[in-house]
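Colleague:
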Amino acid sequence: MSATFTIPCPKCGSVSTFKTGVSRSGTGVGTCRNCHKSVRIQVDGKGNVVRTS
Ligand SMILES: [Zn+2]
Numbered sequence: 794m795s796a797t798f799t800i801p802c803p804k805c806g807s808v809s810t811f812k813t814g815v816s817r818s819g820t821g822v823g824t825c826r827n828c829h830k831s832v833r834i835q836v837d838g839k840g841n842v843v844r845t846s
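If you're matching positions, the sequence shown starts at 794 in this note's numbering and goes up one per residue.
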């Protein structure tokens, strides 16, 4: 499953849109458009972001 999240980047603090595949465990890795760092996104069963790192 692929999803798009618009969330504050935990690396640079800017709100960015992350497009990422999400594994069955609920984690995906996207790249911030602002700082170009990889951000790990964890979502719950409803697709809500529960953690970023
Ligand atoms: Zn960033």
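Built from N, CA and C at the ideal position, the CB exists for glycine as well.
Can you look up Ser-807 in the DSSP assignment and give me helix, strand or coil?
Modeller: Stepping through the sequence shown from its first residue, residue 807 is reached at position 14. Here Ser-807 sits in coil by DSSP.
Colleague: Is there at least one non-hydrogen atom of ligand 1 closer than 7 angstroms to the beta-carbon of Asn-841?
Modeller: Numbered from 1 along the sequence shown, position 48 holds the residue referred to as residue 841. Outside the cutoff, so no.
Colleague: Just mark Gly-823 as buried or exposed, buried being the case when its beta carbon has 16 or more other beta carbons within 10 Å.
Modeller: Taking the sequence shown and counting its residues from 1, the one referred to as residue 823 is at position 30. The residue is buried, with at least 16 neighbouring Cβ atoms inside 10 Å.
Colleague: Taking the continuous beta strand (DSSP E) assigned at Gly-823, which residues delimit it?
Modeller: The residue given as residue 823 occupies position 30 in the sequence shown. Counting along the chain, the beta strand (DSSP E) containing Gly-823 begins and ends at 820-824.
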